[in-house]
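A short write-up of the structure that comes next.
Residue numbers (my numbering): 13 to 376.
Structural data, given as structure tokens:
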């Protein structure tokens, strides 16, 4: 049976852009969002701990009925508060979150709206392409080849996106009573839990075929994500997620998939980076150990999804002490150890490096 495209039903999108400084290139971000179907897209700028009048002056050329500015003052240097405030203040059916340093590439919103119209059933989430100034296209998520609709959080590696940027998300899903929202009080990683929640709780998810998407710029010199901070602070969002009731209620395979991604790209990557610069001290070792224990306590199957090399480093961090960690990181590990899953039965699991490598080749 062939799906028939449903009759296009005009949906509305509100692009939420928090800004906390007049030094941010907010006009660039706003212009990129306004360069879209005029009758369907609005922009909501949340002036975070900065006078609305100052931001309005920067946006004089963008002023009009499609642009709204609101104030949010909480004295906290985190984008969580203004993002949550923007989601509550919005009225559109779908939300898109855009950082003030970044922009939507020409044609992105128009392409996404067209795909919403063509979907056989209303989508909960449409995930767009993601790229950055330095890395180019970022292959996250990595869905199964030639698949764009009916995505599964495990088989299509949705957890590898983590942050819910570059996506259209139903507002009611962000504001659902069980939704964690953006975790306020955190200056980094405040969007991790919401991203994992959306990918694992939404019913209908699609990956955009539109070549244009969300562009991460790196020309801002005051992004809080670039600040050096203790590892315990960086890993706090992961420990909160591991303890969250909604996360522990997920099926075991979904918990393991999410935890494996976080162990690989948040915990172990941080350990390697800090060790290379001799910045990995006893406090960081304790923070990494506690986070690994929390994640494996919530999803004990995650370790087997890592490569042999990654699982070895995780075990050294948990039980063997700093000397074993240093020895592991200084040792040369062959390709097999880096590609083969610690649990050989998981060699062809979606999270394995082997499967990721194959999918990236198809993506090219």
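All residues carry an ideal CB built from backbone N, CA and C; glycine is no exception.
The DSSP-derived three-state label of residue 23 is coil. The closest CA to that of residue 87, considering only 306, 63, 291, 213, is found on 63.
Contact check between the segment 220 to 234 and the segment 98 to 118: three or more CB pairs, one atom from each, fall below 8 Å, which counts as touching. In this structure the segment 88 to 102 does not lie against the segment 127 to 134, because fewer than three pairs of beta carbons, one per stretch, are closer than 8 Å. Each residue's CA atom was taken as its position, placing residue 214 and residue 343 some 42 Å apart.
Per the C-alpha coordinates, the member of 33, 92, 50 positioned closest to residue 65 is 33.
Taken through DSSP and simplified to helix, strand or coil, residue 30 comes out as strand. Per DSSP, residue 225 is one residue of the beta strand (DSSP E) stretching across 225 to 228.
In the DSSP assignment, residue 295 falls within the unbroken alpha helix (DSSP H) covering 294 to 310. Residue 301 sits away from residue 315, with the two beta carbons spaced by 9 Å or more.
For the 9 Å CB-CB criterion, residue 363 and residue 254 do not form a contact. Per the DSSP secondary-structure output, residue 137 pairs in a beta bridge with 181, 217.
Closest in C-alpha terms to residue 204, from the list 280, 193, 174, comes 174. Remark: C-beta atoms of residue 91 and residue 111 approach each other more closely than 9 Å. Remark: C-beta atoms of residue 319 and residue 341 do not approach each other more closely than 9 Å.
In the structure shown, residue 62 falls within a coil segment according to DSSP collapsed to helix, strand and coil. When beta bridges are read from the DSSP output, residue 84 appears opposite 60. Assignment of beta strand (DSSP E) within the segment 141 to 193, counting only whole runs of 3 or more residues, yields 141 to 144, 179 to 182 in chain order.
In the DSSP annotation of this structure, the continuous segment of the beta strand (DSSP E) that includes residue 108 starts and ends at 106 to 109.
Judged by DSSP secondary structure, residue 129 falls within the alpha helix (DSSP H) whose first and last residues are 120 to 130. Beyond the five residues adjoining it in sequence on each side, residue 169 comes within less than 6 Å, by CB distance, of 153, 154, 362 in the same chain, given in chain order. The criterion of a C-beta distance shorter than 9 Å is not satisfied by residue 262 and residue 217. Taking the CA atoms as reference points, residue 195 sits about 14 Å from residue 210. Where residue 95 is concerned, the enclosing alpha helix (DSSP H) starts and stops at 92 to 101. Around the beta carbon of residue 166, a 10 Å sphere encloses 16 or more other beta carbons of the protein chains shown; the residue is thus reported as buried. The beta carbon of residue 145 sits closer than 6 Å to those of 229, 230, all from its chain and outside the five residues before and after it, given in chain order. Considered as a whole, the segment 331 to 361 harbours 334 to 342, 347 to 351 as its complete alpha helix (DSSP H) runs of no fewer than 4 residues, in chain order.
Looking at 122, 192, 81, the one whose alpha-carbon comes closest to that of residue 24 is 122. Residue nearest to residue 22 within the set 127, 44, 39 is 127 (criterion: CA-CA distance). Cβ contact annotation for residue 161 (same chain, cutoff 6 Å, sequence separation greater than five): 218, in chain order. DSSP, reduced to helix, strand and coil, places residue 115 within a strand of the structure shown. If you check the CB distance, residue 337 and residue 307 do not come in under 9 Å.
Straight through space, the alpha carbons of residue 201 and residue 151 are spaced by roughly 20 Å. For residue 35, the number of other beta carbons within 10 angstroms of its own is below 16, and it is reported as exposed.
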